[in-house]
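For reference, the structure is listed below as structure tokens.
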Amino acid sequence: RPCGVELFTDSQYVGKGISEWLPKWKANGWRRGRGKSMQAVKNIDLWQRLDGLLQRHRVIFRWVAGH
């Protein structure tokens with residue numbers, strides 16, 4: 003059942019991955035880069051799993067400073 007989730011992370015990699023990069027990766031067939039330098043997204047299995055969860059649930063991401 004879909005639900006609302008508020009996710010806190012201190013990882014800029016995760017935050018930018020979700021908010022900026024993931025839509026581009028999907029549009030590019032889960033590849034990153036440009037032209038001949040396009041490469042498969044690292045940790046693609048995890049990003050695809052996360053994408054599936056994002057499609058099902060209402061997720062709000064919050065970046066917090068690390069310790």
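Using this note's numbering, read the sequence shown as starting at 3 and increasing by one per residue. Where a beta carbon is used, it is the ideal one built from N, C-alpha and C, also for glycine. Model, not experiment: these values are computed from the prediction.
For this session: Kindly indicate which residue of P25, K44 and K18 has the alpha-carbon position closest to the one of G54.
Result: Counted from its first residue, the sequence shown places residue 54 at position 52. Of P25, K44 and K18, the residue nearest in Cα terms is P25.
Exercise. Whole-angstrom Cβ separation of F10 and R51, contact assumed at under 8 Å?
Worked result: Against the sequence shown, residue 10 aligns to sequence position 8. Against the sequence shown, residue 51 aligns to sequence position 49. Going by Cβ atoms, the distance from F10 to R51 rounds to 19 Å, so no, they are not a contact pair.
Problem set entry | CA-to-CA distance, G17 to Q59, given in whole angstroms | Translated into positions along the sequence shown, residue 59 becomes position 57. Translated into positions along the sequence shown, residue 17 becomes position 15. Sequence inspection shows His at residue 59; the Gln mentioned does not correspond to that position. The alpha-carbon atoms of H59 and G17 are separated by roughly 17 Å.
Exercise. Pick from C5, Q14, R3 and Q41: whose alpha carbon is nearest that of A67?
Worked result: The residue labelled residue 67 in the question sits at position 65 within the sequence shown. Residue Q14 is the option with its Cα nearest to A67.
Exercise. Straight-line CA distance for L48 to S39?
Worked result: Reading the sequence shown from its first residue, position 46 is the one you call residue 48. Reading the sequence shown from its first residue, position 37 is the one you call residue 39. If I take the Cα positions, the gap works out to 22 Å.
Problem set entry | Close beta carbons around G6, own chain, < 6 Å, minus the five adjacent residues each side | Along the sequence shown, read from residue 1 onward, the residue named residue 6 stands at position 4. Here the set comprises R60.
For this session: Run the CB neighbour count on G19, radius 10 Å, all protein chains shown included, and call it buried at 16 or more, exposed below.
Result: As a working mapping, residue 19 is identified with position 17 in the sequence shown. Result: buried.
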